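Enquirer: Here it is, the structure in full.
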Amino acid sequence: MNIYVLMKKTFDTEEKIQINGGVIEDEGAEYIINPYDEYAIEEAIKIRDEHGGEVTVVTVGDEESEKQLRTALAMGADKAVLINTEEDLEEGDQYTTVRVLEAYFADQEVDIILAGNVAIDEASGQVGPRLADRLDIPYVTTITELNIDGDTVNIVRDVEGDEEKIETSLPLLVTCQQGLNEPRYPSLPGIMKAKKKPLEELEIDDLDLDEDDVEAKTETVKVFLPPEKEAGKVLEGETDEQVKELVSLLKSEAKVL
Amino acid sequence: MDFNLSEDIEFLRSNVRKFVKEEVEPLAMKIEEDNEIPKEIVEASKDMGLFSLSIPEEYGGLGLDMVGKCAIYEELGKTHNGFTTLIGAHTGIGTVGIVELGTEEQKQKYLPKMATGEYIGAFALTEPSAGSNAANLKTTAVKKGDKYILNGSKHYITNAVDGQVFTVMAVTDPDKGAKGITSFIVEKDFPGFQLGSVEEKMGLRGSHSAELFFEDMEVPEENVLGEVNRGYVNALKILANGRAGLAARNLGSCEKLLEHCLEYANERQQFGKPIIEIQAVQHMLSEMTMLIETLRSLTYRVAWMTDQGKRVVKEAAIAKLYGSEVYNKVADLAVQIHGGIGYMKDYPIERYFRDARITKIYEGTSEIQRNIIANELVRETRK
Numbered sequence: 004m005n006i007y008v009l010m011k012k013t014f015d016t017e018e019k020i021q022i023n024g025g026v027i028e029d030e031g032a033e034y035i036i037n038p039y040d041e042y043a044i045e046e047a048i049k050i051r052d053e054h055g056g057e058v059t060v061v062t063v064g065d066e067e068s069e070k071q072l073r074t075a076l077a078m079g080a081d082k083a084v085l086i087n088t089e090e091d092l093e094e095g096d097q098y099t100t101v102r103v104l105e106a107y108f109a110d111q112e113v114d115i116i117l118a119g120n121v122a123i124d125e126a127s128g129q130v131g132p133r134l135a136d137r138l139d140i141p142y143v144t145t146i147t148e149l150n151i152d153g154d155t156v157n158i159v160r161d162v163e164g165d166e167e168k169i170e171t172s173l174p175l176l177v178t179c180q181q182g183l184n185e186p187r188y189p190s191l192p193g194i195m196k197a198k199k200k201p202l203e204e205l206e207i208d209d210l211d212l213d214e215d216d217v218e219a220k221t222e223t224v225k226v227f228l229p230p231e232k233e234a235g236k237v238l239e240g241e242t243d244e245q246v247k248e249l250v251s252l253l254k255s256e257a258k259v260l
Numbered sequence: 129m130d131f132n133l134s135e136d137i138e139f140l141r142s143n144v145r146k147f148v149k150e151e152v153e154p155l156a157m158k159i160e161e162d163n164e165i166p167k168e169i170v171e172a173s174k175d176m177g178l179f180s181l182s183i184p185e186e187y188g189g190l191g192l193d194m195v196g197k198c199a200i201y202e203e204l205g206k207t208h209n210g211f212t213t214l215i216g217a218h219t220g221i222g223t224v225g226i227v228e229l230g231t232e233e234q235k236q237k238y239l240p241k242m243a244t245g246e247y248i249g250a251f252a253l254t255e256p257s258a259g260s261n262a263a264n265l266k267t268t269a270v271k272k273g274d275k276y277i278l279n280g281s282k283h284y285i286t287n288a289v290d291g292q293v294f295t296v297m298a299v300t301d302p303d304k305g306a307k308g309i310t311s312f313i314v315e316k317d318f319p320g321f322q323l324g325s326v327e328e329k330m331g332l333r334g335s336h337s338a339e340l341f342f343e344d345m346e347v348p349e350e351n352v353l354g355e356v357n358r359g360y361v362n363a364l365k366i367l368a369n370g371r372a373g374l375a376a377r378n379l380g381s382c383e384k385l386l387e388h389c390l391e392y393a394n395e396r397q398q399f400g401k402p403i404i405e406i407q408a409v410q411h412m413l414s415e416m417t418m419l420i421e422t423l424r425s426l427t428y429r430v431a432w433m434t435d436q437g438k439r440v441v442k443e444a445a446i447a448k449l450y451g452s453e454v455y456n457k458v459a460d461l462a463v464q465i466h467g468g469i470g471y472m473k474d475y476p477i478e479r480y481f482r483d484a485r486i487t488k489i490y491e492g493t494s495e496i497q498r499n500i501i502a503n504e505l506v507r508e509t510r511k
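Protein chains in written order, with the numbering used here: chain R, 4 to 260; chain C, 129 to 511.
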């Protein structure tokens, strides 16, 4: 089977986000594999181990993305592809990423593509479904269970806490939700082996695209941090008075009643 | 001069750091309470490849150089020292003898299984009458046909309970003193091998040391490790090899203590401000940082010298000695910064304080390290 994973690097969850001159400060930031993409990588490895084939992890990123690709290879993926847009593109959006990936996949034989449900940075959740649409293959989002039998694929997906069971067929794109699996750690021997696995680097030229083809369709107008959390309010007095005050505050201040 | 670790080593190290932080550290208090390292941690460590640190690639190991090993030991030092000791005693004195002195056949037989952690290794030198005076062994090995018959006992043997493969020193020629000792690879299943009682220690909970008894234990001749009657030198070599790693483990523990202290000093309020704003506390934090940074420089220099093939007898002894003194000093300061809570069992600081103490004793006491350093000075000046 030809198994592909879409991967994105994101800020480490422990990084403190700082805005400098209207953009998010990324100087010296630590990056990780987007946690939802880790589920996708783990599932891809499991599918390969059960059905045979090859796992290729693809990312649209920059030179720094190599580290996350190496991590994916160390987990057990077979090949990695870095589509490096650093020098060609100033800004991009989901449209840009989808166009680049569409051009890449035009030359690939695909059985299944796995992606994260969302990336934890911008959380648009668009790239997977939009790519499937462009490739004209079915897609299922937020999956928590996946079983492949021949060309038939049985899926359980998370629908806001409820489950939906779906039967579909290959080729297919899925986006992975928490609960699908427990991603493995890259083992130390795995890391040593990963050094010898192929990591292909492409630029948009190699995909017969130029800057105009992939120009963003959206514009980021403003970037700002959420307001700082203020200290809580402690109510005092008799219990019934406190309850009255609480209800009144919930109505007037919090406006939730 | 380049103080950076290679990208490959940094990558290995960051993954070990993540593993330790997410899988081991959350269970550190449980290890302490139960005096047991949970099976799931041991199994996960095997999957992670931690047992293969010192083993060459051709036998299923990582084939790391000393700098690489130290970088990983440093990360392993950042959590419960009982766990660190299980891994460290195996990858250090438990396997290094076979790696350095084993025949091809011995390596083929033992190292691949030791790399996966199926076999856990241990080192058995110490006896009731032979500690720092390692030549005063009473365990005997008498050749009988194609076997050696071992009789005697060992104590304070780290990894004894879970160990499968032991590097055992025994007297083969009683008239020759230190030159009449031979090292053997002993499997716990050999007839006549008996595990004694588990020793109750001040710290390093979860890492079990115990007595070993050998009663007419048969060891096949092919399990002689290195040359006959060279066991004393072998033991010293194995111990010397582990010293940079011990320093690196202590470095990691010190860094973790500093992390705890900084977190606490920022949170804890006294006199209307966080205690990190109090100069007396600041000075203690500065002292800790200075000790940690000097230990780091020393440790990695020794590791680098080892990888360059230089003689490191003196430097490795200094690193082992200094690392244990720094660890004890840093742990003491950490208790002081934490005050009362630093003395309490429901907080990890007192655990490090107890665990630090053994580092001045095991794998060559501080006094023996000083002897080694002085002997090297004498040797260097007496050309």
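A virtual CB, placed ideally from N, CA and C, is assigned to each residue, including glycine. Bear in mind that the values here come from a model prediction, so they are computed numbers and not experimental data.
Please list, in chain order, the chain R residues whose beta carbon lies closer than 8 Å to that of Ser180 of chain C.
Expert: In chain order: Leu191 and Pro192.
Enquirer: Run through chain C and tell me which residues come within less than 7 Å of Arg73 of chain R, C-beta to C-beta.
Expert: Correct list: Phe139.
Enquirer: DSSP puts Cys179 of chain R in a beta bridge; with which residues?
Expert: Answer by DSSP bridge pairing, in chain order: R:Gly119 and R:Ile146.
Enquirer: When the distance is taken between beta carbons, is Lys282 of chain C closer than 8 Å to Glu327 of chain C?
Expert: Cβ atoms of Glu327 of chain C and Lys282 of chain C: not closer than 8 Å.
Enquirer: Need the endpoints of the beta strand (DSSP E) that Val342 of chain C sits in, please.
Expert: This sequence places Phe at residue 342 of chain C; Val is not what is there. Taken as a continuous stretch (DSSP letters only), the beta strand (DSSP E) holding Phe342 of chain C covers Ser337 to Pro348.
Enquirer: Could you tell me which chain C residues have their CB closer than 8 Å to the CB of Met10 of chain R, listed as they occur along the chain?
Expert: What Met10 of chain R touches in chain C: nothing, since even the nearest Cβ is about 17 Å away.
Enquirer: Locate the alpha helix (DSSP H) running through Ala368 of chain C, then write down its first and last residues.
Expert: Taken as a continuous stretch (DSSP letters only), the alpha helix (DSSP H) holding Ala368 of chain C covers Gly359 to Asn369.
Enquirer: If we call anything under 8 Å between Cβ atoms a contact, is Ala77 of chain R one with Ile36 of chain R?
Expert: Cβ atoms of Ala77 of chain R and Ile36 of chain R: not closer than 8 Å.
Enquirer: Check for me: the alpha helix (DSSP H) holding Asp136 of chain C runs from which residue to which?
Expert: Looking at the DSSP string, the run of the alpha helix (DSSP H) that includes Asp136 of chain C is Glu135 to Phe147.
Enquirer: Considering only C-alpha positions, which residue in the set C:Ser335, C:Glu203, C:Cys198 and C:Leu192 is nearest to Glu150 of chain C?
Expert: Nearest of C:Ser335, C:Glu203, C:Cys198 and C:Leu192 to Glu150 of chain C, Cα basis: C:Glu203.
Enquirer: Which stretch, first to last residue, makes up the alpha helix (DSSP H) that contains Asp303 of chain C?
Expert: It is not in any alpha helix (DSSP H) - Asp303 of chain C carries neither H nor E in the DSSP assignment.
Enquirer: Apply the 10 Å Cβ neighbour rule to Gly189 of chain C and answer buried if 16 or more other Cβ atoms are within range, or exposed otherwise.
Expert: Classification for Gly189 of chain C: buried.
Enquirer: Express the C-alpha separation of Glu170 of chain R and Ile469 of chain C in angstroms, rounding to a whole number.
Expert: Their backbone Cα atoms lie some 57 Å apart in a straight line.
Enquirer: Whole angstroms is fine: what's the gap from Glu112 of chain R's alpha carbon to Leu175 of chain R's?
Expert: Distance between the alpha carbons of Glu112 of chain R and Leu175 of chain R: 12 Å.
Enquirer: Rounded to a whole number of angstroms, what is the C-alpha to C-alpha distance between Leu181 of chain C and Thr244 of chain C?
Expert: In a straight line, the C-alpha of Leu181 of chain C is about 10 Å away from that of Thr244 of chain C.
Enquirer: Counting C-beta neighbours from all protein chains within 10 Å, is the total for Thr221 of chain R 16 or more, i.e. buried, or is it exposed?
Expert: Exposed: under 16 other Cβ atoms inside 10 Å.
Enquirer: Flag this pair as yes or no: are the beta carbons of Ala408 of chain C and Val430 of chain C separated by less than 8 Å?
Expert: Not in contact: Ala408 of chain C and Val430 of chain C (Cβ atoms no closer than 8 Å).
Enquirer: Does Glu206 of chain R come out as helix, strand or coil in the three-state DSSP assignment?
Expert: If DSSP states are grouped into helix, strand and coil, Glu206 of chain R belongs with coil.
Enquirer: How is Asp152 of chain R classed by DSSP in three states: helix, strand or coil?
Expert: The answer is strand: DSSP assigns Asp152 of chain R an E or B state.
Enquirer: May I have the straight-line CA-CA distance separating Val504 of chain C from Asn394 of chain C, to the nearest angstrom?
Expert: The sequence shown places Glu at residue 504 of chain C, rather than the Val named in the question. Cα to Cα, Glu504 of chain C sits roughly 45 Å from Asn394 of chain C.
Enquirer: Mind listing the chain R neighbours of Asn143 of chain C? Cutoff is C-beta to C-beta under 8 Å, in chain order.
Expert: Per Cβ cutoff of 8 Å: Thr74, Ala77, Tyr188, Pro189, Leu191 and Ile194.
Enquirer: Classify Asp483 of chain C as buried or exposed, calling it buried when 16 or more other Cβ atoms lie within 10 Å of its own Cβ.
Expert: It counts as buried.
Enquirer: Below 8 Å between beta carbons: does that hold for Val347 of chain C and Lys275 of chain C?
Expert: Yes, Cβ-Cβ distance for Val347 of chain C and Lys275 of chain C is below 8 Å.
Enquirer: Assign Ile140 of chain R to one of three DSSP states: helix, strand, or coil.
Expert: The answer is coil: DSSP assigns Ile140 of chain R none of H, G, I, E or B.
Enquirer: Mapping DSSP to helix, strand and coil, what is Pro402 of chain C?
Expert: In the structure shown, Pro402 of chain C sits in a strand (DSSP, three-state: E or B).
Enquirer: Would you give the residue range spanned by the alpha helix (DSSP H) that Asn503 of chain C belongs to?
Expert: Where Asn503 of chain C is concerned, the enclosing alpha helix (DSSP H) stretches over Ser494 to Thr509.
Enquirer: Looking at chain C, which residues of the segment 196-218 of chain R have a Cβ within less than 8 Å of any of its Cβ atoms?
Expert: Per Cβ criterion, the list reads Lys198.
Enquirer: Buried or exposed: where does Arg479 of chain C fall if 16 or more other Cβ atoms within 10 Å of its Cβ makes it buried?
Expert: So Arg479 of chain C counts as buried.
Enquirer: Between C:Glu153, C:Lys197 and C:Ile366, which lies nearest to Leu133 of chain C when the distance is taken from Cα to Cα?
Expert: Among C:Glu153, C:Lys197 and C:Ile366, the Cα nearest to that of Leu133 of chain C belongs to C:Lys197.
Enquirer: Would the beta-carbon of Ile378 of chain C fall within 8 Å of that of Thr487 of chain C?
Expert: The sequence given here has Asn at residue 378 of chain C, not Ile. Cβ distance < 8 Å, so Asn378 of chain C and Thr487 of chain C count as in contact.
Enquirer: Any idea if Phe342 of chain C is buried or exposed, counting beta-carbon neighbours within 10 angstroms, 16 or more meaning buried?
Expert: Result: buried.
Enquirer: Could you please tell me which residues of the segment 169-198 of chain C, in chain order, have their CB closer than 9 Å to any CB of chain R?
Expert: Listed in sequence order: Ala172, Asp175, Met176, Gly177, Leu178, Ser180, Leu181, Glu185, Gly188, Gly189, Leu190, Gly191 and Leu192.
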